[in-house]
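Shown next, in the form of structure tokens:
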């Protein structure tokens, strides 16, 4: 353990700082996102840092600069304050995103959390804050086979408590070898974590005029004439106000409608349009060949829905994406999940899966529209109810597969219980526009 400070900054794959400085200047673009990683000192001093090294290498492979820091004890705000700010004294954070790999709250750990101190440090830092977790109470095999996902005790200690600090993305990134006891990274989960961290970071670096935002509205209950409705929220009135604020902030929103009514008419020909009718504006027709090429999990959906395109959200050999684009903002209508005869049964069936039209919608957002962020607008849609683990999803859980690598924000009523699968941390909303 000699030579390790209580609090410090280290690079797990490079022995000398001079080597890192040279390599950084040569290999990274000047506008590369900078990711601050928070680690536990105990893993470093015992040589159990393989899971950390996996994250560092993946981030660098994706073009990010990485600043890994560590702390002994359970106050991780100290290295954040010491190493994540401009060393020349400007007082500004030079990291674009902070990712904690400890699974703990920023200050206090599982036994004695100091949320006010953590929030003060994170507010000052003012960058997206992600807390990912290694498996603690389960083997990797037990977690993969569990419908619940992460053990309930770990959910309380390493998901719920960090959320009080404002943490996002509770992604399981590591397990433990049952023979050696050493930690190891989970490659597909590390890839997902790093893609999302880089995309959160790029949101800070990209000019507002260049950012693409996908606003998703719902039809709930399904097929009951409820497109664009949500609990305690005037959806289109609120979206119209959001669009005007975005324009003030320099976002490209194109030619806006004059008022809420015109906005409704541009997306829906009727204020309460029935889904799959001619009343919905078709924003994009996705050929089946394009869908199967872009959607990596399309073949897995055939067990429940047959070959694409199927008979939902389709016309001929095309899958239909409903919505309307305003400049760099796309207002899309999330497909319903199920048949018209009994949509609620399918919505809550454990053995169900999204249909091809549902998968095509999220494929369009990520691969064709290329959204920098998705804003799910209102309470509530179907993404979070798709089959998958309740907390700590794997790569085959549909909420995780559907949203892909896009930063996901959820404008959600605070008085409604959160769905079991946290595809994103909901953003509480007041009960009026």
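In our numbering, the protein residues as written are 1137 to 1569.
Glycine included, every Cβ here is placed at the ideal spot set by N, Cα and C.
- Within the stretch 1391-1454, the alpha helix (DSSP H) runs of at least 4 residues that lie entirely inside it are, in chain order, 1396-1403, 1424-1430, 1438-1441.
- Taking residue 1440 as reference, the option from 1466, 1543, 1299, 1493 with the minimal CA-CA separation is 1493.
- Here the alpha carbons of residue 1229 and residue 1218 stand approximately 10 Å from one another.
- Straight across, the Cα-Cα distance linking residue 1472 with residue 1518 is about 7 Å.
- A direct Cα-to-Cα measurement between residue 1536 and residue 1525 gives close to 10 Å.
- Excluding residues up to 5 positions away in sequence, 1396, 1399 lie with their Cβ nearer than 6 Å to the Cβ of residue 1376 in the same chain.
- Within the stretch 1491-1542, the complete alpha helix (DSSP H) runs of at least 4 residues fall at 1492-1499, 1534-1539.
- Taking 4 residues as the minimum length, the alpha helix (DSSP H) runs contained wholly in the stretch 1161-1237 are 1177-1181, 1186-1197, 1213-1219, in order along the chain.
- Taking 9 Å as the cut-off, the Cβ atoms of residue 1203 and residue 1181 do not count as close.
- Inter-residue distance for residue 1205 and residue 1426 is about 43 Å (C-alpha atoms, whole angstroms).
- In the structure shown, residue 1373 adopts helical secondary structure according to DSSP, grouped into three states.
- Under the 10 Å beta carbon count, residue 1247 is surrounded by fewer than 16 other beta carbons and is classified as exposed.
- With contacts defined as CB atoms closer than 9 Å, residue 1262 and residue 1542 fail to qualify as a contacting pair.
- Ranking 1372, 1198, 1221, 1271 by CA distance to the CA of residue 1469 puts 1372 first.
- In the three-state reduction of the DSSP assignment, residue 1545 falls in the strand class, which pools E and B.
- As DSSP reads the structure, residue 1247 sits in no beta bridge.
- Assignment of residue 1322 by DSSP, reduced to helix, strand and coil, places it in the coil class.
- For the options 1221, 1242, 1241, the alpha carbon positioned closest to that of residue 1232 is the one of 1221.
- Within the stretch 1256-1328, complete alpha helix (DSSP H) segments of at least 4 residues are found at 1276-1281, 1288-1291, 1297-1300, given in chain order.
- In the same chain as residue 1167, and ignoring 5 residues on each side of it, the C-beta atoms closer than 8 Å to its own belong to 1341, in chain order.
- Judged by their CB atoms, residue 1495 and residue 1437 are nearer to each other than the 9 Å cut-off.
- Between residue 1323 and residue 1527, the beta carbon gap of about 21 Å keeps them out of contact (Cβ cut-off 8 Å).
- Only residues of its own chain outside the window of five on either side were considered, and among them 1348 have a CB closer than 7 Å to the CB of residue 1506, listed in chain order.
- Pairing residue 1515 with residue 1549 gives a Cβ-Cβ distance under 9 Å.
- Under DSSP, residue 1456 shares a beta bridge with 1421.
- Spatial neighbours of residue 1287 in its own chain (CB-CB distance under 7 Å, excluding positions within 5 residues in sequence) are listed in chain order as 1273, 1274.
- Counting the other CB atoms within 10 Å of its CB gives residue 1201 a total of 16 or more, which places it among the buried residues.
- For residue 1363, the closest alpha carbon among the candidates 1379, 1403, 1326 is that of 1403.
- Put simply, of 1345, 1346, 1339, 1369 the residue whose alpha carbon is nearest the alpha carbon of residue 1353 is 1369.
- Taking 9 Å as the cut-off, the Cβ atoms of residue 1319 and residue 1179 count as close.
- Taking a 10 Å sphere around the C-beta of residue 1316, we find fewer than 16 other C-beta atoms and assign the residue as exposed.
- Taking C-beta separations shorter than 6 Å and ignoring five residues to either side along the sequence, the partners of residue 1297 in its chain run 1241, 1249, following chain order.
- DSSP lists 1466 as the beta-bridge partner residues of residue 1461.
- Taken through DSSP and simplified to helix, strand or coil, residue 1378 comes out as helix.
- Residue 1355 has 1363 as its beta-bridge partners, per DSSP.
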